[in-house]
Amino acid sequence: MANLEIGGIDCRRLAEVSGTPLLVYDEAKIEGQFAAATSNFKSEKFETEVVYAAKAFSCKAIFEKAKEAGAGLDVVSGGELYCAQQAGVDMKSVYFHGNNKSEEELRMALEAGCGTIVLDNRMESQRLVNLAAELKRPIDVLLRVNPGIEAHTHEYIRTSGSDSKFGISIKKAEEIAELIQPVLNSEYVTFKGFHSHIGSQITETEGFEKALEIMIDFIREMKEQYRITAGCLSIGGGFGIKYTAVDKPIPLGEMAEILARTCETLIAEKGVALKKLLIEPGRSIVGEAGYALYRVGFSKDTDSKHFLFVDGGMSDNIRPALYQAEYSCDIATRMGEPKDKTFCVAGKNCESGDILIKEAKLPSSVCEGDLLVIYAAGAYGYSMASNYNRAGRPEVVFVKDGKARRVLRRETYEDQLRLEADEQLTI
Ligand code: LLP
Numbered sequence: 001m002a003n004l005e006i007g008g009i010d011c012r013r014l015a016e017v018s019g020t021p022l023l024v025y026d027e028a029k030i031e032g033q034f035a036a037a038t039s040n041f042k043s044e045k046f047e048t049e050v051v052y053a054a055k056a057f058s059c060k061a062i063f064e065k066a067k068e069a070g071a072g073l074d075v076v077s078g079g080e081l082y083c084a085q086q087a088g089v090d091m092k093s094v095y096f097h098g099n100n101k102s103e104e105e106l107r108m109a110l111e112a113g114c115g116t117i118v119l120d121n122r123m124e125s126q127r128l129v130n131l132a133a134e135l136k137r138p139i140d141v142l143l144r145v146n147p148g149i150e151a152h153t154h155e156y157i158r159t160s161g162s163d164s165k166f167g168i169s170i171k172k173a174e175e176i177a178e179l180i181q182p183v184l185n186s187e188y189v190t191f192k193g194f195h196s197h198i199g200s201q202i203t204e205t206e207g208f209e210k211a212l213e214i215m216i217d218f219i220r221e222m223k224e225q226y227r228i229t230a231g232c233l234s235i236g237g238g239f240g241i242k243y244t245a246v247d248k249p250i251p252l253g254e255m256a257e258i259l260a261r262t263c264e265t266l267i268a269e270k271g272v273a274l275k276k277l278l279i280e281p282g283r284s285i286v287g288e289a290g291y292a293l294y295r296v297g298f299s300k301d302t303d304s305k306h307f308l309f310v311d312g313g314m315s316d317n318i319r320p321a322l323y324q325a326e327y328s329c330d331i332a333t334r335m336g337e338p339k340d341k342t343f344c345v346a347g348k349n350c351e352s353g354d355i356l357i358k359e360a361k362l363p364s365s366v367c368e369g370d371l372l373v374i375y376a377a378g379a380y381g382y383s384m385a386s387n388y389n390r391a392g393r394p395e396v397v398f399v400k401d402g403k404a405r406r407v408l409r410r411e412t413y414e415d416q417l418r419l420e421a422d423e424q425l426t427i
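Using full-length UniProt numbering, the letters of the sequence shown correspond one by one to residues 1 to 427.
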């Protein structure tokens, strides 16, 4: 009976030391993905930048890895920005996204010396121009536009259809030109270019190639019709990963290379002068590097199912319940044993939809005390984790070359009570 090893460490040992549920990241895999992106996303025709999308998984340790890899950082809230500051990230490499940034967040970004704000709408454009003048702080901006591409992915993670809440449709060129005007007149805010993001978990190149072409045509249109020069283009993230055998994603390095070459061809064909191209991978950097380890508890047979219960669930990974996302798993303490029985792997949260994997082939010998591993659990699991049922967020460890380090400690009962208050309000 063999145990799964992650980063050269027996996972039974990891669970003994850190407890379960436990999220384990193989650091070498994270480094490999950063390197694949940065080394293949290169061009002699324009500058390139890989920007890590913090929303996929954020903590100081991963921000430090992004920094080491020479990647920028995409943040979407004051919280992510604060964490980046605390991790010592160079604020110039930070891109602040979001469709409804608060005035407080915009002030925070300006005061922190954040490099770029990705503007979403007209109100925000005016607000930023005013705030930058008040604070006398310089900042660059990209404007998020919507190329109107329907990516083949779940409705909730599709972001670029014509009714998306993000950005402004490129069909509204005049409105976009008007919106940029106050920025062009601003002493402090500098217009750099456009941003688009078409969705997430996209495994083919087609949607990105189409988006690139539409965006480059749009850059030309803005120049010719409105004399607005956009030197930078970010085509967002969304590069898919392998969750189960049905997923056949193009490796990140190949995808990055294809995008750089496609962009070179398009700008030559269309006579567009581009200074810089950016991508913003999140999931593809951390997803497959993450292993969620759970302790197997009780099991139960119903009329048509064999339930196997684990000590986590939708509170640490809501993706199956929210998107019907599929994962693969193993009994980490019975590797190599025949997988001769189909189980429904369910969590311990108080909700019928708290199913992590509907049908998993596992060894019939599995019993209480075994460890179950869910693969490719590194993206949008921890970052979307909740305190539902006061379950407490899991511990997170990074492993490499037989060594393990705790990067986020387990949430305790005391942690959960730290927000409790009993204060009279003066109304
Ligand atoms: N850039 C922008 C502007 C984005 O909105 C996103 C993701 C990314 C980059 C990174 O996308 P990635 O490379 O990670 O696919 N919670 C969902 C995914 C939501 C993605 C939101 N935006 C999930 O669990 O599948």
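Where a beta carbon is used, it is the ideal one built from N, C-alpha and C, also for glycine.
Keep in mind the model is a prediction, meaning the values are calculated, not measured.
### Message
Given a cut-off of 9 Å on the beta-carbon distance, is the pair N349 and Y375 in contact?
### Response
no
### Message
DSSP has V345 in a bridge; who is on the other side?
### Response
Under DSSP, the beta-bridge partners assigned to V345 are L308, I357.
### Task
Taking 9 Å as the cut-off, decide whether the C-beta atoms of A36 and A256 are in contact.
yes
### Message
Could you tell me the alpha carbon to alpha carbon distance between D303 and K60, rounded to whole angstroms?
### Response
47 Å
### Message
Please classify Q201 as buried or exposed, where buried requires at least 16 neighbouring CB atoms within 10 angstroms.
### Response
Within 10 angstroms of the beta-carbon of Q201 lie 16 or more other beta-carbons, which makes it buried.
### Query
Is K171 closer than 9 Å to G193 when the C-beta atoms are compared?
no
### Message
Please state whether the Cβ-Cβ distance between T20 and L371 is less than 9 Å.
### Response
yes
### Task
Under the assumption that residue 451 contacts I235 (Cβ atoms under 8 Å), give the Cβ distance between them as a whole number of angstroms.
No information on residue 451 is available, as it lies outside the stretch 1 to 427 that the chain covers here.
### Message
Looking at the strands, I want to know which residues DSSP matches up with Y52.
### Response
L73
### Task
From the DSSP output, in three-state form, read off R137 for me.
coil
### Query
Can the beta-carbon of T262 be found closer than 9 Å to that of T205?
yes
#### Entry: Stretch-stretch touch, CB-based, cutoff 8 Å, three pairs: the stretch 213–220 with the stretch 336–350
Taking a cut-off of 8 Å for Cβ pairs, the stretch 213–220 and the stretch 336–350 do not touch, as fewer than three such pairs fall below it.
### Query
Secondary structure at S364, three-state DSSP: helix, strand or coil?
coil
### Query
Using DSSP with H/G/I as helix, E/B as strand and the rest coil, what is D26?
It is a strand residue.
### Message
Going by beta-carbon coordinates alone, are Y291 and V24 separated by less than 9 Å?
### Response
yes
#### Entry: Per-residue burial, P338 [other beta carbons within 10 Å of its own, 16 or more giving buried]
exposed
### Query
How about the stretch 316–332 and the stretch 279–290: do they share at least three Cβ pairs that are nearer than 8 Å?
no
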